[in-house]
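> Going left to right, the sequence shown walks through residues -17 to -1, 1 to 167 as mature numbering (1 follows the signal peptide of the UniProt record, and there is no 0) numbers them.
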Amino acid sequence: MKKYPAPRMAGSGRACAALAVAALAALTGCSEEPQQARKYSVPASLCGIAVQPSSLAPFLPGGSSLSTAEASPVKGTERCEVRVDGKPALTASQDWREKNARITAVALDTKHIDMAEYETTGSYLYEAGGAVARVDPCRNPTFTGDMFAIIEVRSPGLGSTAAMKQLITEYTDSVRQSEACSSG
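Pasting the structure below:
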């Protein structure tokens, strides 16, 4: 059986190229605005839990001011909310769960972690929008379960999976050395 090339219209190559350029220009014109400059200092801790500013910075939007607030919404949970210009930017939590809780179950309870895109090492589950880590060893006479460190990025489109792995690792190591994991 003989094959014939598809019919070609005169000038179709130039027309396709022009269409591609126009589509690219339209997409570029519709892209998000460039990120606002950061006029605040990136903190070296999340409500007293040490992290490197360079590890935290990729997840913070530009803006004029940064504030943090601690909360204990339920017994066994400590939360640090980071706000930029009054808007939620990132939440870091320490959360006691039942003994041998699965890390994926904890992540499923976490609103800002995309379970379709995550990576895991067994003790850590992370993606660009957030992470969960089992803090082991962590013992406290008040709680008999397992401690989890959780980070949720509230400003979408910031950071990367690799940067989140770095941040959750630092945060978890600092939680492990904190009062929350003291033996009493």
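All C-beta atoms in this analysis are idealised placements derived from N, C-alpha and C, irrespective of residue type, glycine included.
#1: Rounded to the nearest angstrom, what separates MET147 and ARG137 at their Cα positions?
#2: If the criterion is Cβ atoms closer than 7 Å, does the pair GLU61 and ALA52 meet it?
#3: Give the DSSP-derived three-state secondary structure of VAL25 in the structure shown.
#4: Which complete alpha helix (DSSP H) runs does the segment 75 to 100 hold, if anything under 4 residues is left out?
#5: Taking its Cβ as the centre, do 16 or more other Cβ atoms sit within 10 Å of residue 187, making it buried, or is it exposed?
#6: Apply the 10 Å Cβ neighbour rule to ARG122 and answer buried if 16 or more other Cβ atoms are within range, or exposed otherwise.
#7: Could you check what DSSP says for SER157 in three-state terms: helix, strand or coil?
#8: Mapping DSSP to helix, strand and coil, what is LYS70?
#9: Contact between the segment 149 to 157 and the segment 99 to 112: three or more CB pairs below 8 Å?
#10: Taking all protein chains shown into account, do 16 or more other C-beta atoms lie within 10 angstroms of the C-beta of SER56, making it buried, or fewer, making it exposed?
#11: Whose CA, out of ASN83, VAL34, ALA145, lies closest to the CA of ARG159?
#12: Pull up the distance between the alpha-carbon of PRO26 and that of GLY112, whole angstroms please.
#13: Does the distance from the CB of MET129 to the CB of ALA84 come in under 7 Å?
#14: Determine the DSSP secondary structure at ALA146, reduced to helix, strand or coil.
#15: Rounded to whole angstroms, how far is the Cβ of THR144 from the Cβ of GLU110, which I believe are closer than 8 Å?
Once the coordinates are examined:
#1: Their Cα atoms are separated by approximately 13 Å.
#2: Contact flag unset, no.
#3: In the three-state reduction of the DSSP assignment, VAL25 falls in the coil class, being assigned neither a helical nor a strand state.
#4: Correct list: 86 to 91.
#5: Nothing can be reported for residue 187, as the shown portion of the chain is limited to -17 through 167.
#6: Counting Cβ neighbours within 10 Å, ARG122 comes out exposed, since fewer than 16 surround it.
#7: Note: SER157 maps to helix in three-state DSSP.
#8: Three-state result, LYS70: strand.
#9: The segment 149 to 157, when compared against the segment 99 to 112, does touch it at the 8 Å Cβ threshold.
#10: In the sequence under discussion, the amino acid at residue 56 is Pro, which differs from the Ser named in the question. Result: exposed.
#11: Put simply, of ASN83, VAL34, ALA145 the residue whose alpha carbon is nearest the alpha carbon of ARG159 is VAL34.
#12: Taking the Cα positions, PRO26 is about 19 Å away from GLY112.
#13: Strictly speaking, residue 129 in this sequence is Asp, with Met absent from that position. Yes, these two residues count as a Cβ contact at 7 Å.
#14: Helix.
#15: Yes, THR144 and GLU110 are in contact; Cβ-Cβ is about 5 Å, under 8 Å.
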